[in-house]
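Structure first, then comments.
Given below as structure tokens:
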């Protein structure tokens, strides 16, 4: 997997296109956080838009490179996902928001891969 610099959110982080085995994954915009969780599973902070006045709107994108399949969690509006880890076939990650006062709100999430049924084929 290769992340190629695509641009920068105005006054914000960089974003990237995702290439797997030399092939661009269409309609995938990656944020700063992407991590191999195992030999065949990649976790990516996916951006749903790069328009700064609409975001950040992100989700966890999982890529199973062996099965050539992907899975997206629900979108976190006005926040970031990150801190990806794999433990006993469960993906642990954080949903991070910043309140109006600037206070950081962190929600710990555990996704059991055995419960994920709606993997989609990679385009």
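Residue numbers (this note's numbering): 224 to 346.
For glycine and all other residues, C-beta sits at the position ideal for the given N, C-alpha and C.
With a threshold of 8 Å, are at least 3 pairs of Cβ atoms found where one atom belongs to the region 325 to 340 and the other to the region 308 to 315? The region 325 to 340 vs the region 308 to 315: in contact.
Which residue from 321, 265, 232 and 328 puts its Cα closest to that of residue 276? 232
Looking at residue 293 and residue 259, is the spacing between their C-beta atoms short of 8 Å? no
Of the listed residues 324, 295 and 289, nearest to residue 244 (C-alpha basis): Scanning 324, 295 and 289 for the CA closest to the CA of residue 244 turns up 289.
Note down, in chain order, each residue of its chain lying with its Cβ closer than 6 Å to the Cβ of residue 224, except the 5 sequence neighbours on either side. 243 and 265
Do residue 320 and residue 308 have their C-beta atoms within less than 8 Å of each other? no
C-alpha gap between residue 274 and residue 324, whole angstroms: Whole-angstrom Cα-Cα distance: 22 Å.
Leaving out the 5 sequence neighbours to the left and right, which residues in its chain are closer than 6 Å to residue 282 when beta-carbon positions are compared? 269, 295, 296 and 298
Which whole-angstrom value describes the C-beta separation of residue 280 and residue 255, a residue pair presumed to lie in contact below a C-beta threshold of 8 Å? Not confirmed; about 15 Å, so no contact.
Reference residue 234, options 278, 329 and 249, closest by Cα: 278
Ignoring anything shorter than 3 residues, give me the beta strand (DSSP E) runs that lie fully in the region 263 to 329, in order along the chain. 264 to 270, 280 to 287, 292 to 295, 302 to 310 and 313 to 321
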